[in-house]
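Novice: Have a look at this one.
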Amino acid sequence: MNKTPTFYIKTNRVFNKFKRISWTLVPLIAFGGLFYPRLGLLLIPIMLSLVTLGFFKGKYWCGNLCPHGSLFDSIILQFSPNSSIPKLFKSKTLKVLFFIWYMSMFTSRLIKVSALWGTMTFIDKLGFVFAVNYLIPTTVGTILALFVNPRSWCSFCPMGTMEQLAYKLGKIAGLNGKTDQKVSVAAIEQCHKCGKCSRVCPMQLKPYLNFSGNNQFENENCIRCSTCVANCPAGILSLANTEQALSIKASTNNSGFEKRRKITALLV
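Per my numbering: the sequence shown = residues 185 to 452.
Spelled out as C-alpha cells, the structure:
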C-alpha cells in the first residue's frame, strides 16, 4: 500500500563544514557529560555564542552552527518522515510556557549547585547540570525528529527563543541592520510562486508568500540556513541585509515580466 507523499522535500541542508561535523558534540556533551561532568561546561561558550549571534544575526546559529541542528539535518533527516510540524509546536503559547519551565528548572539547579562554590566538587556538579539539561533536546528532539519532523524541537527550543529575544533587542537598539542577512528575492515579479522554498524549508515557513517591500523575508523564525536559496528554481533568492537587498532590487532587470499571468494547475 502506497503512503501518501508529504508536501515537504528532503534535500541537502548543510552548506558549511562546521555544520557537517558539529553533531558530534551532542553525544559528547549529553552522554559523555554523565561520566565526565566537566564536558557539560562546553555549553557555556555555546550558549554565549548563540545569544551573541542572535543579537546580530537572528536565528543564524540554529541554521548553521547548532550541534542539534546538525544532528537533525545531517543524520536524522534521511530516516525521518519529514511530515508537517504540528501547529501546537509552532504556537507562541507553547514556546513561552516551555521557555519559562525550562529556564526555571535550569536556574533552580544552578542555584543549588552555587551552594558548593569553593568546594572541590563545584566544577563537576556545575558541568553535570549542563550535561543533564542538554539531554532534554537530545532525547525529545531526536524522538520528534524520527517520528514527525527533524526540526520539530526547533519550533519551541528554549535556546532558539533566547536567540529571538536577543534579536529583538538588537533591532530595538538598531545595531543589526548591516549584520542581519535575511532571505531576499531579487524581484518579486520573477517569483514563480511554486512554493519550493516552503517545501524545502526546515522550519516549514513560506518565504514566497511573505516578502516585504524591501524584497525580504522578515519572519523571525527563519534560521538563515540557505536551503531555500540553494533550491529556488528561478535562482532569485539570496541572503542579504536590507541595504544589499534594496541594491539587488534596483539593479534587477524585469524586462519580459510586465505581462506575466497566473496559470492555475492541479499537482498530482
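Every residue gets a Cβ at the ideal spot worked out from N, C-alpha and C, and that includes glycine. Because the structure is a prediction, the values reported are computed rather than measured.
1. Mind checking PRO211: buried by the 16 CB within 10 Å criterion, or exposed?
2. Could you give the DSSP three-state label for VAL452: helix, strand or coil?
3. Could you name the residues that DSSP lists as bridge partners for ARG400?
4. Using the DSSP secondary-structure output, state which residues sit across from ALA315 in a beta bridge.
5. Can you confirm whether the segment 392-403 touches the segment 358-371 when touching is taken to mean that 3 or more C-beta pairs between the two stretches lie within less than 8 Å?
6. Quick test of your reading: GLY238 and TYR318, contact by CB under 8 Å. State the CB separation rounded to the nearest angstrom.
7. Who are the Cβ neighbours of PHE263 in its own chain at under 8 Å, not counting the five residues just before and after it?
8. Name, in chain order, the residues that DSSP records as bridge partners for SER233.
9. Extract the residue ranges of the beta strand (DSSP E) inside the segment 413-447, only unbroken runs of 3 or more that lie entirely within it.
10. Measuring only the C-alpha atoms, how far is ARG444 from ILE193?
11. Check whether the segment 345-361 and the segment 371-390 touch, using three or more Cβ-Cβ pairs below 8 Å as the test.
12. Look up PHE191 in the DSSP assignment and say whether it is helix, strand or coil.
13. Given this structure, state the Cα-to-Cα distance separating LEU310 from ARG222, to the nearest angstrom.
14. Counting C-beta neighbours from all protein chains within 10 Å, is the total for ARG169 16 or more, i.e. buried, or is it exposed?
15. Among PRO342, THR236, ARG383, whose alpha-carbon lies nearest the alpha-carbon of ASN415?
16. Output the residue ranges of the alpha helix (DSSP H) runs that lie fully inside the segment 212-285 and measure 4 residues or longer, sorted by chain position.
Specialist: Answer, in terms of the structure:
1. exposed
2. coil
3. First, the residue type needs correcting, since residue 400 is Gln and not Arg in the sequence shown. GLN400 is bridged to SER368.
4. The partner list for ALA315 (beta bridge, DSSP) is empty, contrary to what the question assumes.
5. yes
6. Going by Cβ atoms, the distance from GLY238 to TYR318 rounds to 19 Å, so no, they are not a contact pair.
7. LEU330
8. According to DSSP, which records beta bridges pairwise, SER233 is partnered with nothing at all.
9. 421-424
10. 28 Å
11. no
12. coil
13. 8 Å
14. The requested residue 169 does not occur in the structure, where the chain is confined to residues 185 to 452.
15. ARG383
16. 216-219, 227-241, 244-248, 251-254, 271-274
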